[in-house]
Amino acid sequence: MELQIIISKSLVRTNIILLMLAVISMSLFGSGCIDNTNNGAKTDDSLTDVKLQIAGSTTVLPIAEECARIFMENHPGSRIFVSGGGSSHGVMAVADGTVDIGCASRDLKSSETGAHPNLVSHGIAKDGVAVTVHPSNPVTDLTMEQLRGIYTGTITNWADVGGTDSRIMVVTREEGSGTRDCFEQAVMIPIKAEITDIGIIQDSNGKMRATVAGSDQAIGFLSLGYINSDVRAIRLDGIEPTVKNVLDDSYAISRTLWMITNGNPDSTEQAFLDFVLGDKGQEIVEDVHFIPIN
Amino acid sequence: MIRKNSERMIEAFLFASAVSAVLIVVLIMVFLFKEGAPFLLKYGIHSFCLGMEWNPIAMDGEPAYGIFPMIVGSVYIAAGSLVFAVPLGLGCAIFLVEIAPPWMEAMIRRGIELLVGIPSVVLGFFGLVLLVPLIRDSAGGFGFSILAGSVILAIMALPHIISISADAITAVPETYKQASLALGATRWHTIRNVILPASRSGILAAVILGMGNSIGETMAVLMVTGNSPILPEPLYDVLDPVRTMTANIVIEMNYAAPGDHRQALFATGIVLFMMVAILNAISRRVLKSGMGAGR
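Residue numbers (our numbering), protein chains in the order written: chain A, 1 to 294; chain B, 1001 to 1295.
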């Protein structure tokens, strides 16, 4: 009797071990399988068996993920794999054929279009980056010159730009962030300057907002969709950061989010892009705080 | 016969799980060094560890990968956390073992266990919305500071320091205490002159282990230290923001393009790993030497 109990117990244990091994090996092999899926997608015409690989910008990631999820619901049997890696990774991966669609939250660089002239960019959403301060800050308007002075560290007191006499707390995003890149493209690169090292660095839009909302000395920048009553977006050269001003390009700090294909999209890629650019896709774009492109 | 087999299977399983821990460490080490070491050698260990500028995505000119300010940041915050955590933790441990009545000890221990259960992100958020403004308004600066990171880490290190020192104090032979009390020493005299010296090595080990944990902590620190990759100015200004090595890796890993930038982050990991390994080795050495001398 006792013997049996011991045996059955050890059997249970080995079963658990086997189960664990199975799970581990499945997860290992699962990641291996993904690499093989894009071959079929290039030739397949029917929408019931779509297989797509998407990778790239973490800014575009929420759009791509949500679109993929709903697309797969609408087309049972289709499989879309979405992963991050950053804009540069997205461009490289689509260029060398590792993925079908690359995502980028910045325009293609000339070095990239030079090396891979086949790449075709499809704009899927717009985004503006608003300069924000604490709601109690009397400063409501900055010129581009003043903003550059603050972010290069030459202007360090709010009194110098029409505010109260207090130190300016510059808040910025981490190197490589798409939002930071967008800000740098418009504000820093034209004067070939780096953002001051003295700044506080926060690594997400949410933390940036919490930081600016928590300090009346702070200045930061936020993706437009994250603006709420906790912070105040200020006018830049008199132009308010609004959806309308971003769309007609009158507001200076804005960008387009891209999905990139290698050559013209094939039928499955086109089907997915059509979905992203369609009503449902653009609704998702709005849901995750970006500006629909059309 | 069957019993022998099942026994052998269990043994094999236990052996496999024991080996797997070692194997995982070795694999991680190999991976870390494979990714980071080539860059470290190429860029130069010296210029990497002692370089003052971190600018991996340079707009103009060469990117710079100097992590000295972050090494300083990590050490500062870890050491700062000990300034708060050691007196508090030690006091708490002495109270628990020597003074507290059993019901109170049970209550306090439960509280400490709860403290361990608080996720570091939650502590970080607490720091971001409460501690940072508090420091800004009362001490000055921007609030995002070495001080804020140290306080948050002290809260996280406290349970570990308490439990290890409490174990060390409990391990002091009862006869020492009885002898001291029998000689007419007061309770406080006994604690200060007999119990603490006898448990010195265990307490020291707790402190060093606590420091190792603190250096490796990430999320909570990341949220309250401001993450500027520069040295405090002046160097002793605990109200200045700093970036720790862990924060450096977490903040930039998402974006680092394969190549120098990513490898530099792995190299940061190597430096961090070495520091923690050395601290652990020291604490083990201290514990061992104390065991021999204490008894």
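Beta carbons: idealized from backbone N, C-alpha and C, even for Gly.
7 Å Cβ cut-off: residues of chain A touching B:S1228
As a first step, residue 1228 of chain B must be located in the second sequence, where it is residue number 228. Near B:S1228 (Cβ distances below 7 Å), the residues of chain A are D197, I198, G199, I200, I201.
In whole angstroms, what is the alpha-carbon distance linking B:L1027 and B:A1064?
In the second sequence, residue 1027 of chain B corresponds to position 27, counting from 1. In the second sequence, residue 1064 of chain B corresponds to position 64, counting from 1. Going from the Cα of B:L1027 to the Cα of B:A1064 covers about 29 Å.
Do B:W1054 and B:G1036 count as a contact pair if the criterion is CB distance below 8 Å?
Translated into positions along the second sequence, residue 1036 of chain B becomes position 36. Translated into positions along the second sequence, residue 1054 of chain B becomes position 54. Result no, Cβ atoms of B:G1036 and B:W1054 do not sit closer than 8 Å.
Sort out for me which residues DSSP pairs A:Q202 with in a bridge.
Translated into the one-based positions of the first sequence, residue 202 of chain A becomes position 202. In DSSP, A:Q202 forms a bridge with A:R173.
Can we say the segment 230 to 242 of chain A touches the segment 252 to 270 of chain A, given the rule of at least three CB pairs closer than 8 Å?
yes
I need the straight-line Cα distance from A:V243 to A:E66, nearest angstrom please.
Here residue 243 of chain A corresponds to residue number 243 of the first sequence, with the count starting at 1. Here residue 66 of chain A corresponds to residue number 66 of the first sequence, with the count starting at 1. Their backbone Cα atoms lie some 22 Å apart in a straight line.
Residue nearest to B:I1251 in terms of C-alpha spacing, selected from A:I227, A:T154, A:I201, A:S87:
The residue given as residue 1251 of chain B occupies position 251 in the second sequence. Out of A:I227, A:T154, A:I201, A:S87, A:I201 has the C-alpha closest to the C-alpha of B:I1251.
Please classify B:D1260: does DSSP put it in a helix, a strand, or coil?
Residue mapping note: residue 1260 of chain B aligns to position 260 of the second sequence, counting from 1. Note: B:D1260 maps to helix in three-state DSSP.
Which of helix, strand or coil does DSSP assign to A:R69?
Within the first sequence, residue 69 of chain A is the residue found at index 69, counting from 1. Here A:R69 sits in helix by DSSP.
Residue closest to B:L1265, alpha-carbon to alpha-carbon, out of B:M1275, B:F1013, B:T1246, B:P1087:
Counting from one through the second sequence, the residue named residue 1265 of chain B turns up at place 265. For the residues B:M1275, B:F1013, B:T1246, B:P1087, the minimum Cα distance to B:L1265 belongs to B:T1246.
Can you tell me which of the three DSSP states B:A1220 falls into?
Looking up residue 1220 of chain B in the second sequence gives position 220. Residue state, collapsed to three classes: helix.
Check for me: the beta strand (DSSP E) holding A:H122 runs from which residue to which?
To locate residue 122 of chain A, count along the first sequence from 1; it is residue 122. That run of the beta strand (DSSP E) goes 119 to 133.
Could you tell me whether the Cβ of B:V1132 comes closer than 8 Å to any Cβ of chain E?
Within the model displayed, chain E is absent; protein chains A and B are what it includes.
According to the neighbour-count rule (16 or more other Cβ atoms, all chains shown, within 10 Å of its Cβ), is A:D274 buried or exposed?
To locate residue 274 of chain A, count along the first sequence from 1; it is residue 274. Exposed, by the Cβ-count rule.
Residue range of the unbroken beta strand (DSSP E) whose run includes A:G85
Residue 85 of chain A sits at position 85 when you count from the first residue of the first sequence. Taken as a continuous stretch (DSSP letters only), the beta strand (DSSP E) holding A:G85 covers 79 to 85.
Within 8 Å (strictly less), CB to CB, does A:M208 reach chain B?
For the purposes of this step, residue 208 of chain A is taken as the residue at position 208 of the first sequence. No, A:M208 does not count as interfacial toward chain B.
Kindly say whether A:S83, judged by its beta-carbon, lies nearer than 8 Å to any beta-carbon of chain B.
Working through the first sequence from its first residue, we reach residue 83 of chain A at position 83. Output row for A:S83: interface = no.
Near-chain B residues of the segment 57 to 68 of chain A (beta-carbon distance less than 8 Å), N- to C-terminal order
T58
Hey, is A:S215's beta-carbon within less than 8 Å of any beta-carbon in chain B?
Along the first sequence, read from residue 1 onward, the residue named residue 215 of chain A stands at position 215. Yes, its Cβ sits closer than 8 Å to a Cβ of chain B.
Name, please, each residue of chain A whose Cβ falls closer than 7 Å to the Cβ of B:M949.
Residue coverage of chain B in this structure runs from 1001 to 1295, which leaves residue 949 of chain B outside it and unanswerable.
Of all Cβ atoms in chain B, is any one closer than 8 Å to the Cβ of A:F29?
As a first step, residue 29 of chain A is located in the first sequence; it is residue number 29 there, counting from the start. For A:F29, the predicted structure reports a pLDDT of 44, less than 50, and the residue's modelled location is therefore unreliable. A value from the coordinates is still provided. For A:F29, the answer is no, since every Cβ of chain B falls outside 8 Å of its Cβ.
Look up A:K51 in the DSSP assignment and give the residues it is bridged to.
Position 51 of the first sequence holds residue 51 of chain A. BP columns for A:K51 point to A:R79.
Cut-off 7 Å between Cβ atoms - residues of its own chain near A:K280, not counting five sequence neighbours on either side
Against the first sequence, residue 280 of chain A aligns to sequence position 280. Once the five neighbours on either side are set aside, the close Cβ partners of A:K280 are I70.
Quick one, which of B:A1154, B:S1165, B:I1208 has its alpha-carbon nearest B:L1123's?
Position 123 of the second sequence, counted from the start, is the residue given in the question as residue 1123 of chain B. Of the candidates B:A1154, B:S1165, B:I1208, the one whose C-alpha sits nearest the C-alpha of B:L1123 is B:A1154.
Would you say B:M1070 and B:R1243 are within 8 Å of each other, going by their C-beta atoms?
Locating residue 1070 of chain B in the second sequence gives position 70, where the first residue counts as 1. Locating residue 1243 of chain B in the second sequence gives position 243, where the first residue counts as 1. Taking 8 Å as the Cβ cut-off, B:M1070 and B:R1243 qualify as a contacting pair.
Is it true that the CB of A:M208 sits closer than 8 Å to the CB of A:R173?
Translated into positions along the first sequence, residue 173 of chain A becomes position 173. Translated into positions along the first sequence, residue 208 of chain A becomes position 208. Closer than 8 Å, so yes.
State yes or no: is the beta carbon of A:D35 nearer than 8 Å to at least one beta carbon in chain B?
Looking up residue 35 of chain A in the first sequence gives position 35. In this predicted model, A:D35 has a pLDDT of only 38, less than 50, meaning its place in the structure is not dependable; the value taken from the coordinates is given anyway. Output row for A:D35: interface = no.
By DSSP, does A:G102 sit in helix, in strand, or in coil?
By 1-based counting over the first sequence, the position of residue 102 of chain A is 102. A:G102 falls in the strand class under three-state DSSP.
What in chain B is Cβ-close to A:E112, meaning under 7 Å?
Sequence index remark: in the first sequence, residue 112 of chain A carries index 112 (1-based). What A:E112 touches in chain B: nothing, since even the nearest Cβ is about 12 Å away.
Whole-angstrom distance between B:I1215 and B:I1077, CA atom to CA atom
Mapped onto the second sequence, residue 1077 of chain B falls at position 77. Mapped onto the second sequence, residue 1215 of chain B falls at position 215. Distance between the alpha carbons of B:I1077 and B:I1215: 8 Å.
Under the three-state reduction of DSSP, which class applies to B:P1063: helix, strand or coil?
One-based indexing of the second sequence puts residue 1063 of chain B at position 63. B:P1063 falls in the coil class under three-state DSSP.
Cβ-based contacts, 8 Å cut-off: residues of the segment 140 to 162 of chain A near chain B
none
Starting from A:N262, trace the beta strand (DSSP E) in both directions and tell me its first and last residue.
Counting from 1 along the first sequence, the entry for residue 262 of chain A is found at position 262. Its beta strand (DSSP E) spans residues 254 to 262.
Distance between beta carbons of B:N1254 and A:G84, contact taken as under 8 Å
Looking up residue 84 of chain A in the first sequence gives position 84. Looking up residue 1254 of chain B in the second sequence gives position 254. Contact flag correct, Cβ pair sits at about 7 Å.
What separation, rounded to the nearest whole angstrom, lies between the Cα atoms of B:T1175 and B:L1050?
Working through the second sequence from its first residue, we reach residue 1175 of chain B at position 175. Working through the second sequence from its first residue, we reach residue 1050 of chain B at position 50. So the alpha carbons of these two residues sit roughly 51 Å apart.
Alpha carbon to alpha carbon, how far is A:V129 from A:L222?
Locating residue 129 of chain A in the first sequence gives position 129, counting from the first residue. Locating residue 222 of chain A in the first sequence gives position 222, counting from the first residue. Cα to Cα, A:V129 sits roughly 5 Å from A:L222.
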